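S.K.: The structure is given below, and queries will be raised subsequently.
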Ligand code: SAM
């Protein structure tokens with residue numbers, strides 16, 4: 063998978079060299095290219111922002127550098143390569159969910175446009191929406207100073223779904239929000255050795271070796287945690303995904 067990130071803070075993306083994503087890059091699973099937006103400015107101050115039309119506080123990112131940068135990035139695709147999905151981080155976008163991460167993980171090429179200030183001149187989004195699949199995406203209902211941290215979040219969520227990135231491919235299948243039997247349920251508690259720590263033991267069932275009982279226990283714990291922390295997710299569960307244990311809980 064190829065990932066391009068256009069930003070005025072390339073150094074903010076340095077964590078993409080670390081850990082799981084860094085290893086995926088080193089193994090060639092991910093081809094990450096970070097570009098400095100200011101390389102596409104032509105004035106002495108490398109200006110990327112200007113005052114907003116209509117007045118108001120804050121600055122808006124100018125369309126010209128974004129247009130030149132994106133044209134060049136798009137033109138750098140291999141011959142015959144599909145167009146990328148353009149991922150525009152913004153608090154006013156669709157929520158970034160595990161479902162969207164799974165969808166994006168199936169794409170060969172993603173281009174991210176993390177902004178600063180009050181965001182990017184709207185015409186840039188409109189221009190590229192005419193020829194690309196453009197997704198405006200929010201990582202949560204809060205406002206950050208820039209889109210670089212959201213890009214780190216999205217890239218990590220997508221990268222760990224790519225074949226060969228996680229040591230154990232099955233390990234994301236039981237995650238919170240993973241599609242399947244546990245869809246829309248949060249993952250329940252997890253334990254490891256030692257069997258006793260500060261007087262606290264391990265739930266007996268996990269030591270039983272009985273796969274059916276363990277699966278049932280995990281499902282009930284997931285359900286209880288979801289009811290406690292995110293009751294609105296239970297509402298979204300398909301009725302056939304719930305059973306009499308859940309209703310009793
Ligand atoms: N004025 C904008 C608004 O209220 O929607 C907020 C702009 S924010 C200060 C600057 C940039 O940070 C955004 O354009 C976006 O790239 C990024 N950003 C901030 N919060 C975000 C979030 N929750 N999800 C995704 N990107 C976000």
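Numbering (the numbering used here), first residue to last: 63 to 311.
Even glycine gets a Cβ: it sits at the ideal position worked out from N, Cα and C.
On a predicted model such as this, the values are computed, not experimentally measured, just so you know.
1) Per DSSP, which one or two residues make a beta bridge with residue 171?
2) With a cut-off of 6 Å, give the chain-ordered residues whose Cβ is closer than this to any heavy atom of the ligand SAM.
3) With DSSP run on the structure shown, which of helix, strand or coil describes residue 129?
4) Got a sec, what are the start and stop residues for the alpha helix (DSSP H) residue 319 sits in?
5) Does residue 272 come out as helix, strand or coil in the three-state DSSP assignment?
6) Is residue 69 helix, strand or coil by DSSP?
7) For residue 160, which three-state DSSP category applies?
8) With a Cβ-Cβ cutoff of 8 Å, do residue 176 and residue 209 count as a contact?
9) Considering residue 213, what are the terminal residues of the alpha helix (DSSP H) in which it resides?
10) To the nearest angstrom, report how far apart residue 94 and residue 152 are at their CA atoms.
11) Taking only the alpha-carbon atoms, compute the straight-line gap between residue 234 and residue 184 and give it to the nearest angstrom.
12) Answer with buried or exposed for residue 219, where buried requires no fewer than 16 other C-beta atoms within 10 angstroms of its C-beta.
13) Have a look at residue 225 and residue 131 and give me their C-alpha separation to the nearest angstrom.
14) Please state whether the Cβ-Cβ distance between residue 216 and residue 149 is less than 8 Å.
15) My output table needs one value for residue 264: the three-state DSSP class, helix, strand or coil.
16) Hey, could you find the ends of the beta strand (DSSP E) residue 193 is sitting in?
M.R.: Put simply:
1) Note: residue 171 is bridge-paired with 64 in the DSSP secondary-structure output.
2) 151, 152, 153, 154, 176, 177, 178, 180, 181, 200, 201, 202, 204, 205, 206, 207, 208, 209, 212
3) Reduced to three states, the DSSP call for residue 129 is helix.
4) Residue 319 is absent from the model: the chain starts at 63 and stops at 311.
5) Here residue 272 sits in coil by DSSP.
6) Residue 69 falls in the strand class under three-state DSSP.
7) In the structure shown, residue 160 adopts helical secondary structure according to DSSP, grouped into three states.
8) yes
9) Residues 210-221.
10) About 21 Å.
11) 36 Å
12) Result: buried.
13) 30 Å
14) yes
15) Three-state result, residue 264: coil.
16) First-last for residue 193: undefined, no H or E at that position.
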